[in-house]
Amino acid sequence: MVDLYLCSYPILKNLAMKKTLIFSMLVVGLSGIVAQVILLRELLIIFYGNELTMGIILANWLVLEAVGVYLLGKKAENSLRKLEIFVGIQIFFSITFPLSIYLTRIIRNIFGIVPGEGLGLGFVFLFSLLILSPVSISHGALFTFGSKLFSLYSQLNVGGIGKVYVYETLGTILGGFFFTYLLLPYFNSFQLAFSITIINLFFCIILLGKFWKKEKLNKILGIVSFLLLLINLSLFWEKKIEEIHFSSLKKQWKGYRVKHYENSYFGNIVVAEKERSLYFFFNGIPVITLPYPDVFFIEEFAHFSLLSHPHPEEILIIGRGVGGIINEILKHPIKKIDYVEIDPIFLKIVKRFSDPLVERELNSPKLNIVYTDGRLFLKKTDKKYDLIVLGFSNPSDLQTNRYFSEEFFSLIKKRLKEGGILVFSLPSLPRAILNLKEIRNLNACILNTLKNVFKYIRIIPGEGNNLFLSSESIIEVNKQIFLKRMTERKIESSLLIPYYIEYRLQPFWYENFSESLKHATLEINRDFKPLATFYSLSYWGSLFSPHLLKFINKIVPLLPLFIFILFISVFFSRNIHLSLPLSIATSGFAGIIFDLIFIFIFQVSYGYVFHWVGILVTSFMSGIALGGFMTTLNLEKIKKEKSAFLAMELLIFLFALIFQLIYSNLENPLIFIIFSLIAGTLIGLEFPLASKIYFKSSSNLSKTAGILYAADLLGGWWGGILGGVFLIPFLGIGKTCFLIALLKLINFLTLFFTKEK
Numbered sequence: 041m042v043d044l045y046l047c048s049y050p051i052l053k054n055l056a057m058k059k060t061l062i063f064s065m066l067v068v069g070l071s072g073i074v075a076q077v078i079l080l081r082e083l084l085i086i087f088y089g090n091e092l093t094m095g096i097i098l099a100n101w102l103v104l105e106a107v108g109v110y111l112l113g114k115k116a117e118n119s120l121r122k123l124e125i126f127v128g129i130q131i132f133f134s135i136t137f138p139l140s141i142y143l144t145r146i147i148r149n150i151f152g153i154v155p156g157e158g159l160g161l162g163f164v165f166l167f168s169l170l171i172l173s174p175v176s177i178s179h180g181a182l183f184t185f186g187s188k189l190f191s192l193y194s195q196l197n198v199g200g201i202g203k204v205y206v207y208e209t210l211g212t213i214l215g216g217f218f219f220t221y222l223l224l225p226y227f228n229s230f231q232l233a234f235s236i237t238i239i240n241l242f243f244c245i246i247l248l249g250k251f252w253k254k255e256k257l258n259k260i261l262g263i264v265s266f267l268l269l270l271i272n273l274s275l276f277w278e279k280k281i282e283e284i285h286f287s288s289l290k291k292q293w294k295g296y297r298v299k300h301y302e303n304s305y306f307g308n309i310v311v312a313e314k315e316r317s318l319y320f321f322f323n324g325i326p327v328i329t330l331p332y333p334d335v336f337f338i339e340e341f342a343h344f345s346l347l348s349h350p351h352p353e354e355i356l357i358i359g360r361g362v363g364g365i366i367n368e369i370l371k372h373p374i375k376k377i378d379y380v381e382i383d384p385i386f387l388k389i390v391k392r393f394s395d396p397l398v399e400r401e402l403n404s405p406k407l408n409i410v411y412t413d414g415r416l417f418l419k420k421t422d423k424k425y426d427l428i429v430l431g432f433s434n435p436s437d438l439q440t441n442r443y444f445s446e447e448f449f450s451l452i453k454k455r456l457k458e459g460g461i462l463v464f465s466l467p468s469l470p471r472a473i474l475n476l477k478e479i480r481n482l483n484a485c486i487l488n489t490l491k492n493v494f495k496y497i498r499i500i501p502g503e504g505n506n507l508f509l510s511s512e513s514i515i516e517v518n519k520q521i522f523l524k525r526m527t528e529r530k531i532e533s534s535l536l537i538p539y540y541i542e543y544r545l546q547p548f549w550y551e552n553f554s555e556s557l558k559h560a561t562l563e564i565n566r567d568f569k570p571l572a573t574f575y576s577l578s579y580w581g582s583l584f585s586p587h588l589l590k591f592i593n594k595i596v597p598l599l600p601l602f603i604f605i606l607f608i609s610v611f612f613s614r615n616i617h618l619s620l621p622l623s624i625a626t627s628g629f630a631g632i633i634f635d636l637i638f639i640f641i642f643q644v645s646y647g648y649v650f651h652w653v654g655i656l657v658t659s660f661m662s663g664i665a666l667g668g669f670m671t672t673l674n675l676e677k678i679k680k681e682k683s684a685f686l687a688m689e690l691l692i693f694l695f696a697l698i699f700q701l702i703y704s705n706l707e708n709p710l711i712f713i714i715f716s717l718i719a720g721t722l723i724g725l726e727f728p729l730a731s732k733i734y735f736k737s738s739s740n741l742s743k744t745a746g747i748l749y750a751a752d753l754l755g756g757w758w759g760g761i762l763g764g765v766f767l768i769p770f771l772g773i774g775k776t777c778f779l780i781a782l783l784k785l786i787n788f789l790t791l792f793f794t795k796e797k
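With the sequence shown counted from 1, adding 40 to any position gets you our numbering.
Structure, rendered in structure tokens:
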């Protein structure tokens, strides 16, 4: 009855409602990406994010969206109040988004977990699931209800699903570009969240106004939306949002006094004071402590490095030099330090809260600060150095892994003078637990990589950090030479007294280290096969979730068997209702992996250039919108739907195979944009056509939209979990592309032998 009533409503009213729904779905897409990015960043701060925690958070977002799409969305078909429910869900999303940010910041306090305390993977999974649930589930449900409403008012039936898919994707592009890349560095999370709330409430009022009915529920929703809009606008007007922001920070950093909070393009920066010490946190991880830094690490790292070189004059530091290391290096008779730091905002904040130590460092005439990506700097400069110091101490993510690969070490080698030394540290453990497999493999992998590039390598192991020194010349590391050079250079140190130097250079340190590597990996770390990241994440997991890691290690080898059984079951079922969602799921999986691969390869080639990463993501999402639009535009003209869909599957298969052969030769940034656009287009082509095929046999529009979109999200879930954590690090780019091609080939064969109902 209601559907007939809506469709018989005057054509002009229907047209106006259709336009309003288009803008509403753009807002849904925009709101989703902003909520995802902001909540991801806030969660990564409290979880000390790496590739593994990021994968878990993104996976939870996608699977919760799938729950909303399917479980809530499927009620859209038989609901008598589709518009009111859509508006109600949009109001719920608008309210819970800022509340979720607040909950993220106080959740450690609720469970009595102090700032700085590590959390296991189980906590990461459960906390993120709890925080994301209301926002993600409601956002997923909006897609299914939006599809049904749009199809109803446009009288397009299944064609409406494809158009809603395109409009939401376009909204995602707008949100990703304007909010994430233009506004995020200048506004705090609550300001952005309440802005999204206001936009959503405004469109709730517009939607209800376009179809104003006398029913009590419609009026109640209209009044609630209007009152909430006024409340949110008054929060901005009265500057209460700033109060909420600082109140939540105070609870998040309980025990600290937050003196500064700021988002840059590269991460979140917090300056907090506790017991007369000032702590600088980057994405929740402490990176500088003033005025009492980690003297043991800083003095060992700086002085052992420079004492290993007979005449260090030209020094290059890549990242994390300020806060002690530069100060210790300046005690040596050096001529020049080039200090490369990617984030200018971070150093600006450090200068603002500097103490005498930092002032000595940053005001030294010998110091030259370069704001760029470290790897990009080395590719562009012709300058050579006596010592190149890496401030990174762990390849814990794909971005940092670029500084520990065979290709990067080869680049470093070209920038070292004769007798020049590369210096960095890797994490170590006390001798009692030195045989932990994950830490052994991490150190062994990097050592094997160094041996492929440098003739001479010296390691000074320790109970916390292992110092690696690599050169084309013999490196002199012994007590007599160190003491002699300290005397000649008039180095004063409270730590490096003769007894301590002798103790740290005792042979038993290296003997224990060598013994621990006897049964470690023989693999090397490469740009496009970043195994060090895999070992680093395994090490992190073994520290905080050892039992869960053992369980995962047992499950992962069974995944191929599970996938094989799944495809065989679908193949022999010959059921389009199983094979089609599986195809969409693998396309969702492929889409996430392709996106990760493009960004990763670009960063390896050109360094981390934030705006370029944004352009690549936008290109990929634009491709999805373009592909969806192309198919939707020609949907009625396609008569042999299954054949057309099989052709699309074949195109993704061929793209993955071709990209596997040429990815290592990509050089022009424009090529990356083109490939991102092509990949997105191929993924986007499928969804509208899959909706038409599925709808022909189900005749249930909400079920069609719900199942296929849920399948797409679940595929993305697997891509988020496995992509950056396992597939790219462990298999490498080439084999990962081959895996995608294999999956799409199996999909092709499964669908080919499936009967349409």
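Every residue, glycine too, gets a C-beta built ideally from N, C-alpha and C. The structure displayed is predicted, hence computed values, not measured ones.
> What's the call for glutamine 520, buried or exposed, on a 16-neighbour Cβ count within 10 Å?
Replying inline: Your numbering for residue 520 matches position 480 in the sequence shown. Looking at its Cβ environment, which holds fewer than 16 other Cβ atoms inside 10 Å, glutamine 520 is exposed.
> Span of the beta strand (DSSP E) holding glutamate 313?
Replying inline: Here residue 313 refers to the residue found at position 273 when the sequence shown is read from its first residue. It spans 308 to 314 - the beta strand (DSSP E) in which glutamate 313 sits, taken as one unbroken run.
> So what's proline 350 in DSSP terms, helix, strand or just coil?
Replying inline: On the sequence shown, residue 350 is found 310 positions in, with the first residue counted as 1. Note: proline 350 maps to coil in three-state DSSP.
>> Taking only three categories from DSSP, how would you classify lysine 375?
In response: Walking along the sequence shown from the start, residue 375 turns up at place 335. Reduced to three states, the DSSP call for lysine 375 is coil.
> Where do the ends of the beta strand (DSSP E) carrying serine 465 lie?
Replying inline: Counting from one through the sequence shown, the residue named residue 465 turns up at place 425. Segment 456 to 467, the beta strand (DSSP E) holding serine 465.
> Where does valine 380 sit, in a helix, a strand or coil, going by DSSP?
Replying inline: Residue mapping note: residue 380 aligns to position 340 of the sequence shown, counting from 1. The answer is strand: DSSP assigns valine 380 an E or B state.
> Excluding the five sequence neighbours on either side, which residues of its own chain have a C-beta within less than 6 Å of the C-beta of tyrosine 319, listed in chain order?
Replying inline: Here residue 319 refers to the residue found at position 279 when the sequence shown is read from its first residue. Around tyrosine 319: Ala312, Pro326, Thr329.
> Can you name, in chain order, every residue of its own chain whose Cβ lies under 8 Å from the Cβ of glycine 295, other than the five neighbours on each side?
Replying inline: As a position in the sequence shown, residue 295 is number 255, starting the count at 1. Cβ within range, chain order: Val154, Pro155, Lys314.
> Apart from the five residues just before and just after leucine 46, which ones in its own chain have a Cβ nearer than 6 Å to its Cβ?
Replying inline: For this step, residue 46 is matched to residue 6 along the sequence shown. For leucine 46, the predicted model reports a pLDDT of 45, less than 50, meaning its position is unreliable; a value from the coordinates is still stated below. Here the set comprises Leu192.
>> Taking its Cβ as the centre, do 16 or more other Cβ atoms sit within 10 Å of glutamine 76, making it buried, or is it exposed?
In response: What you label residue 76 is simply residue 36 of the sequence shown in a count that begins at 1. By the neighbour-count rule (16 or more Cβ atoms within 10 Å), glutamine 76 is buried.
> When burial is assigned at 16 or more other CB atoms within 10 Å of the CB, is alanine 472 buried or exposed?
Replying inline: Position 432 of the sequence shown, counted from the start, is the residue given in the question as residue 472. Confidence is the limiting factor: at alanine 472 the pLDDT is only 47, short of 50, which leaves the residue's position unreliable and the question unanswerable from this model.
> Taking asparagine 708 as the reference, which of Asn740, Tyr646, Val765 has the closest Cα?
Replying inline: Here residue 708 refers to the residue found at position 668 of the sequence shown. Residue Tyr646 is the option with its Cα nearest to asparagine 708.
> Under the rule that 16 or more other beta-carbon atoms within 10 Å means buried, what is tyrosine 226, buried or exposed?
Replying inline: Looking up residue 226 in the sequence shown gives position 186. Exposed.
> With 16 as the cutoff for other CB atoms within 10 Å, does glutamine 292 come out buried or exposed?
Replying inline: Residue 292 sits at position 252 when you count from the first residue of the sequence shown. Classification of glutamine 292: buried, given that the 10 Å Cβ count is 16 or more.
> From this set, Ser534, Leu535, Glu555, Val517, which residue's C-alpha is nearest glutamine 546's C-alpha?
Replying inline: As a first step, residue 546 must be located in the sequence shown, where it is residue number 506. Closest option to glutamine 546, Cα to Cα, is Val517.
> Which same chain residues, not among the five before or five after phenylalanine 183, have their C-beta less than 6 Å away from its C-beta?
Replying inline: To locate residue 183, count along the sequence shown from 1; it is residue 143. Closer than 6 Å at the Cβ level, and outside the excluded window around phenylalanine 183, lie Val109, Tyr749.
>> Rounded to the nearest angstrom, what separates alanine 665 and arginine 480 at their Cα positions?
In response: The residue given as residue 665 occupies position 625 in the sequence shown. The residue given as residue 480 occupies position 440 in the sequence shown. Between alanine 665 and arginine 480, the C-alpha separation is close to 46 Å.
>> Between the alpha carbons of isoleucine 409 and valine 74, how many angstroms are there, rounded?
In response: Looking up residue 409 in the sequence shown gives position 369. Looking up residue 74 in the sequence shown gives position 34. When rounded, the distance between both Cα atoms is 33 Å.
>> Quick check: the Cα distance between proline 169 and histidine 179, rounded to an integer number of angstroms?
In response: Against the sequence shown, residue 169 aligns to sequence position 129. Against the sequence shown, residue 179 aligns to sequence position 139. Sequence check: residue 169 is leucine here, not proline. Each residue's alpha carbon lies about 15 Å from the other.
> Using 8 Å as the threshold, is the segment 131 to 145 in touch with the segment 273 to 290, meaning 3 or more CB pairs across them?
Replying inline: yes
> Alpha carbon to alpha carbon, how far is isoleucine 632 from leucine 139?
Replying inline: What you label residue 632 is simply residue 592 of the sequence shown in a count that begins at 1. What you label residue 139 is simply residue 99 of the sequence shown in a count that begins at 1. Cα to Cα, isoleucine 632 sits roughly 28 Å from leucine 139.
> In angstroms, rounded to a whole number, what distance separates the CA positions of valine 644 and phenylalanine 444?
Replying inline: Against the sequence shown, residue 644 aligns to sequence position 604. Against the sequence shown, residue 444 aligns to sequence position 404. Their Cα atoms are separated by approximately 11 Å.
> Can you give the Cα-Cα distance for leucine 102 and serine 176, rounded to whole angstroms?
Replying inline: Taking the sequence shown and counting its residues from 1, one reaches residue 102 at position 62. Taking the sequence shown and counting its residues from 1, one reaches residue 176 at position 136. Distance between the alpha carbons of leucine 102 and serine 176 is about 8 Å.
> Between proline 50 and the rest of its own chain, which residues show a CB-CB distance below 8 Å, the 5 nearest in sequence each way excluded?
Replying inline: Within the sequence shown, residue 50 is the residue found at index 10, counting from 1. With a pLDDT of only 47 at proline 50, under the threshold of 50, the placement of this residue in the model should not be trusted, and no figure is reported.
>> Please report the distance separating the alpha-carbon of isoleucine 281 from that of leucine 275.
In response: Looking up residue 281 in the sequence shown gives position 241. Looking up residue 275 in the sequence shown gives position 235. One C-alpha to the other measures close to 6 Å.
> Helix or strand or just coil, what does DSSP make of leucine 474?
Replying inline: Position 434 of the sequence shown, counting from 1, holds the residue named residue 474. Residue confidence is low: leucine 474 scores 48 on pLDDT, short of 50, so the model does not pin down where it sits. No coordinate-derived value is stated.
> Do you know whose CA, among Ile639, Leu476, Thr794, lies nearest glycine 581's CA?
Replying inline: As a working note, residue 581 is residue 541 in the sequence shown. Considering only alpha carbons, the answer is Leu476.
>> I'd like to check one pair, isoleucine 125 with phenylalanine 185: are the Cβ atoms closer than 8 Å?
In response: Against the sequence shown, residue 185 aligns to sequence position 145. Against the sequence shown, residue 125 aligns to sequence position 85. A contact, by the Cβ cut-off of 8 Å.
> Exposed or buried, what is lysine 732 when buried is set at 16 or more other beta-carbons lying within 10 Å of its beta-carbon?
Replying inline: As a working note, residue 732 is residue 692 in the sequence shown. Buried, because 16 or more other Cβ atoms sit within 10 Å of the Cβ of lysine 732.
>> Tell me the DSSP secondary structure of tyrosine 575 in three-state form.
In response: Numbered from 1 along the sequence shown, position 535 holds the residue referred to as residue 575. Note: tyrosine 575 maps to helix in three-state DSSP.
> By a C-beta neighbour count over all protein chains shown, 10 Å radius and 16 as the cutoff for buried, is histidine 349 buried or exposed?
Replying inline: Taking the first residue of the sequence shown as 1, we reach residue 349 at position 309. Classification for histidine 349: buried.
> Excluding the five sequence neighbours on either side, which residues of its own chain have a C-beta within less than 6 Å of the C-beta of leucine 717, listed in chain order?
Replying inline: Here residue 717 refers to the residue found at position 677 of the sequence shown. The residues are Ser659, Gly663.
> Mind checking proline 600: buried by the 16 CB within 10 Å criterion, or exposed?
Replying inline: As a position in the sequence shown, residue 600 is number 560, starting the count at 1. Per the 10 Å Cβ criterion, exposed.
> Between the Cα of threonine 865 and the Cα atoms of Val206, Val67, Ser404, Leu248, which residue gives the shortest distance?
Replying inline: Lying outside 41 to 797, the shown extent of the chain, residue 865 is not represented and no answer is given.
>> Counting C-beta neighbours from all protein chains within 10 Å, is the total for lysine 743 16 or more, i.e. buried, or is it exposed?
In response: By 1-based counting over the sequence shown, the position of residue 743 is 703. Result: buried.
>> Quick check on tyrosine 221: does DSSP put it in helix, strand or coil?
In response: If you number the sequence shown from 1, residue 221 lands on position 181. DSSP places tyrosine 221 in helix when its eight states are reduced to three.
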